[in-house]
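Worksheet: the structure to be examined is printed underneath.
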Amino acid sequence: MNVITVENLTKKFGSFTAVDNISFEVGKGEIFGFLGANGAGKTTAMRMLCGLLKPTSGKGIVAGYDIRSESENVKASIGYMSQKFALYEDLKVWENIRLYAGIYGVPEKDIAPKTDELLKELGFETEKETLVKSLPLGWRQKLAFSVSIFHEPKVVFLDEPTGGVDPVTRRQFWEMIYKASDRGITVFVTTHYMDEAEYCNRVSIMVDGRIDALDSPANLKKEFNATSMDEVFRKLARKSKNNEL
Amino acid sequence: MRQFLVFVQKEFYHIFRDRWTTLILLVLPIVMIILFGFGITTEIRNTKFAVYDPSRDIATQGIVNKLETSEYFSLDRYVTSPNEIEPLFRDGEIGFVVVLGENFYENLLHTGNAKIQLIADGTDPNTASTLTSYATILLSSYQQELTGTAGGTIPYQIKTEVKLLYNPSLKSAYNIVPGIMGMILMLICALMTSVSIAREKELGTMELLLVSPMKPILIILSKLVPYFTISIINYITILLLSVFVLKVPIAGSLVLLSALSLLFIFVSLSIGILISSLVEKQIVALLISGMILMMPAVFLSGLMFPIESMPVVLQWISHILPVKWFIIAVRNVMIKGLGFSSIIREVLILTGMAAVIITLSLKKFKYRLE
Numbered sequence: 211m212n213v214i215t216v217e218n219l220t221k222k223f224g225s226f227t228a229v230d231n232i233s234f235e236v237g238k239g240e241i242f243g244f245l246g247a248n249g250a251g252k253t254t255a256m257r258m259l260c261g262l263l264k265p266t267s268g269k270g271i272v273a274g275y276d277i278r279s280e281s282e283n284v285k286a287s288i289g290y291m292s293q294k295f296a297l298y299e300d301l302k303v304w305e306n307i308r309l310y311a312g313i314y315g316v317p318e319k320d321i322a323p324k325t326d327e328l329l330k331e332l333g334f335e336t337e338k339e340t341l342v343k344s345l346p347l348g349w350r351q352k353l354a355f356s357v358s359i360f361h362e363p364k365v366v367f368l369d370e371p372t373g374g375v376d377p378v379t380r381r382q383f384w385e386m387i388y389k390a391s392d393r394g395i396t397v398f399v400t401t402h403y404m405d406e407a408e409y410c411n412r413v414s415i416m417v418d419g420r421i422d423a424l425d426s427p428a429n430l431k432k433e434f435n436a437t438s439m440d441e442v443f444r445k446l447a448r449k450s451k452n453n454e455l
Numbered sequence: 020m021r022q023f024l025v026f027v028q029k030e031f032y033h034i035f036r037d038r039w040t041t042l043i044l045l046v047l048p049i050v051m052i053i054l055f056g057f058g059i060t061t062e063i064r065n066t067k068f069a070v071y072d073p074s075r076d077i078a079t080q081g082i083v084n085k086l087e088t089s090e091y092f093s094l095d096r097y098v099t100s101p102n103e104i105e106p107l108f109r110d111g112e113i114g115f116v117v118v119l120g121e122n123f124y125e126n127l128l129h130t131g132n133a134k135i136q137l138i139a140d141g142t143d144p145n146t147a148s149t150l151t152s153y154a155t156i157l158l159s160s161y162q163q164e165l166t167g168t169a170g171g172t173i174p175y176q177i178k179t180e181v182k183l184l185y186n187p188s189l190k191s192a193y194n195i196v197p198g199i200m201g202m203i204l205m206l207i208c209a210l211m212t213s214v215s216i217a218r219e220k221e222l223g224t225m226e227l228l229l230v231s232p233m234k235p236i237l238i239i240l241s242k243l244v245p246y247f248t249i250s251i252i253n254y255i256t257i258l259l260l261s262v263f264v265l266k267v268p269i270a271g272s273l274v275l276l277s278a279l280s281l282l283f284i285f286v287s288l289s290i291g292i293l294i295s296s297l298v299e300k301q302i303v304a305l306l307i308s309g310m311i312l313m314m315p316a317v318f319l320s321g322l323m324f325p326i327e328s329m330p331v332v333l334q335w336i337s338h339i340l341p342v343k344w345f346i347i348a349v350r351n352v353m354i355k356g357l358g359f360s361s362i363i364r365e366v367l368i369l370t371g372m373a374a375v376i377i378t379l380s381l382k383k384f385k386y387r388l389e
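Which chain is which? The protein sequence lines are V and A, in order.
Residue numbering for the first sequence follows the working numbering, starting at 211 and increasing by one per position.
Residue numbering for the second sequence follows the working numbering, starting at 20 and increasing by one per position.
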């Protein structure tokens, strides 16, 4: 069963085509890597899928809802986390959790036990009353991810979730992503780190608004005759008109 | 509804966890009222004056007494010739000099043409004009007393400015309170709201909220609740301070005054939303509210300088400031004790402004991140 279905999705800003006729499907529990150079159209595509932007043309179904006409339902069924923002720094750890649980309508009686469970899993029991401001960046990102899947969404969108985080924490972060995927949560992740692309079940690579490659990392490497995802990416990016790399 | 409450709670955390925000919101109004009410005052107290009195008769004596016994002035000395007057000003010890004509009482009784000249230091025009107008009022009240005793035979004119009718003791706090009220409500509602929404945009949290199932209108409303609440608290604080500390009573209806203030709070909040929908950064929101809203509000609203004495162009500009109309209306209700009929014009203007601004900002507010 597909959790995300995209057909011929296009977004134009004036005469500029940010997303050019892309189509793909993502299955339940899949970890789907969404790669591309800056300006390739990743963020625009992701925003459309989250119901933040209306597509110019084409169709998208996320968690069973149409992104064009049922964006409110889409929003209620997904989780979202971006690198730019993790959590409210002037709120305590538990207050952040409480806020998102409230916004996403987690039943009141479930919030407290689930919060304790989550903190225990992360090993953050002692930090419950700590202001997020005083947590190290890696901790914040891990906490932010846990918060984004607190309401058990069908899909979680991660926009460069590990930016600026040290390798050890990134490794732990990906273990959390695998756990979520095991629970049946579909993970849609954009990243700059090519080694992270290897962790995904399937990877799509966007160039100039189009998806130029979409397959498992192993198959992509075979197809492009490359030893690493990094090489695959470079070979593809070279074709780009604006050639940033 | 629960979503909404959780969100409102979060806004209060933001406010009370930031010391400066708390300080601005709750302490600033008190400081401003006290500062403007007592410190930065145009009131005159115990200003020294000198007298040149060649007549030395009962009338001139009475006039000097009248000035001397008021709380505003105290007699410094008599000068014996007009030549001594200028050096007094050069030393800067004297606020003004009263020059009385010769044969004052005689002239007053028979020709009705007794002359008094007030000389003040024009290098500080504000103080000079305040001093002379205070003195003029004291003089005319003396004339009035004299008329009473002399059986109304003396022709005279009382020169009194309209605003003094409602401010018999010439307290500047009467003018200050409505102005401060307008400024504080504007500051909290427009400035703080716009900055707080801009902050979410700047930090990227707005994106996260927009991606949540929370309706954008609820996000905005929940932002308004804390600032609305704090405005109400400040409104009450200002009223209490003005009545009990500055001794400026509420002459008109409290209900009317409160309704008027609610209307103004509403206008200011919608301005805050409008600003925040136009900008992406806190600092821009701050500058716009500060420079385009607060500064003109201080200078053009009639709080410090009378609007009537401004250049015509500035007077036009002052018309588009909601705070100006609010201050006028508050003066009418709170100080003059007038009823609703006296502020219909102001209420209509404020309502119109609210309608225009709220329509604009709702149109402008981005429901999606375009």
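Glycine residues also receive a C-beta, built at the ideal position from the N, C-alpha and C atoms.
Fair warning: this is a prediction, and the values are worked out from it, not measured in the lab.
- Under the three-state reduction of DSSP, Phe-244 (chain V) is assigned to strand.
- Neighbours of Ile-313 (chain V) across chain A, judged by C-beta separation under 8 angstroms: Gln-22, Val-25, Phe-26, Leu-228, Ser-231, Pro-232 and Met-233.
- Nearest neighbour of Leu-332 (chain V) by Cα position, chosen from V:Lys-343, V:Ser-344, V:Asp-392 and V:Gln-351, turns out to be V:Gln-351.
- If you ignore the 5 residues before and after Leu-368 (chain V), its C-beta comes within less than 6 angstroms of the C-beta of Met-291 and Val-399, all in its own chain and listed in chain order.
- In the structure shown, Asp-230 (chain V) falls within a strand segment according to DSSP collapsed to helix, strand and coil.
- The straight-line gap separating the alpha-carbon atoms of Ile-43 (chain A) and Ile-252 (chain A) is approximately 13 angstroms.
- Distance from the Cα of Arg-412 (chain V) is smallest, within the candidate group V:Tyr-403, V:Gly-394, V:Val-378 and V:Phe-244, for V:Phe-244.
- Shown here, Thr-99 (chain A) sits in coil according to DSSP, grouped into three states, outside any helix or strand.
- Listed in chain order, the positions of the stretch 271-292 of chain V with a beta carbon within less than 7 angstroms of a beta carbon of chain A are Glu-282, Lys-285, Ala-286, Tyr-290 and Ser-292.
- Here the alpha carbons of Thr-149 (chain A) and Pro-235 (chain A) stand approximately 53 angstroms from one another.
- In the three-state scheme derived from DSSP, where H, G and I count as helix and E and B as strand, Met-404 (chain V) is classed as helix.
- Cβ-Cβ distances below 7 angstroms link Ile-321 (chain V) to Arg-308 and Ala-311 in the same chain, with the five nearest sequence neighbours on each side left out; the list follows chain order.
- Tyr-298 (chain V) and Leu-345 (chain V) have their C-alpha atoms roughly 12 angstroms apart.
- Around the beta carbon of Phe-345 (chain A), a 10 Å sphere encloses 16 or more other beta carbons of the protein chains shown; the residue is thus reported as buried.
- The residue from A:Ala-348, A:Leu-240, A:Gly-371 and A:Gly-291 with its alpha-carbon nearest to that of Phe-23 (chain A) is A:Leu-240.
- Taking all protein chains in view, the Cβ of Met-439 (chain V) is crowded by 16 or more other Cβ atoms within 10 Å, so the residue is classified as buried.
- When 8 angstroms is used as the limit between beta carbons, Glu-305 (chain V) is near these residues of chain A: Lys-29 and Tyr-32, in chain order.
- In the three-state reduction of the DSSP assignment, Gly-249 (chain V) falls in the coil class, being assigned neither a helical nor a strand state.
- Shown here, Lys-324 (chain V) sits in a helix according to DSSP, grouped into three states.
- Val-342 (chain V) and Leu-301 (chain V) have their C-alpha atoms some 6 angstroms from each other.
- Using beta-carbon distances, Arg-36 (chain A) counts as an interface residue toward chain V, with a partner under 7 angstroms.
- By the rule that beta-carbons nearer than 7 angstroms mark a contact, Leu-301 (chain V) touches chain A.
- When A:Arg-36, A:Ile-49, A:Arg-218 and A:Thr-40 are compared, the shortest CA-CA separation from Phe-263 (chain A) is found for A:Ile-49.
- Residue range 363-383 is occupied by the alpha helix (DSSP H) that includes Ser-380 (chain A).
- When C-beta atoms of the stretch 259-267 of chain V are compared with those of the stretch 211-228 of chain V, three or more pairs fall below 8 angstroms, so the two segments count as touching.
- Shortest Cα-Cα distance from Ala-354 (chain V) to any of V:Pro-377, V:Thr-325 and V:Lys-364 involves V:Thr-325.
- A residue is called buried when at least 16 other Cβ atoms come within 10 angstroms of its Cβ; Gly-291 (chain A) meets this threshold and is buried.
- DSSP places Tyr-275 (chain V) within a strand segment (E or B) once states are collapsed to three.
- For the set A:Ser-360, A:Met-211 and A:Thr-224, the Cα lying nearest the Cα of Ile-34 (chain A) is the one of A:Met-211.
- Pairing Val-213 (chain V) with Lys-389 (chain V) gives a Cβ-Cβ distance that is not under 7 angstroms.
- DSSP places Val-236 (chain V) in the strand class (E or B) of the three-state scheme.
- Short of 6 angstroms from the beta carbon of Asn-351 (chain A), and not among the five residues preceding or following it, lie these beta carbons of its own chain, in chain order: Leu-357, Ser-361 and Ile-362.
- Scanning A:Tyr-153, A:Leu-265 and A:Ser-272 for the CA closest to the CA of Asn-65 (chain A) turns up A:Tyr-153.
- Between Gly-223 (chain A) and chain V, the shortest Cβ-Cβ separation is below 7 angstroms.
- If you check the CB distance, Val-366 (chain V) and Lys-338 (chain V) do not come in under 7 angstroms.
- Ser-287 (chain A) sits close to Met-205 (chain A), with the two beta carbons spaced by under 7 angstroms.
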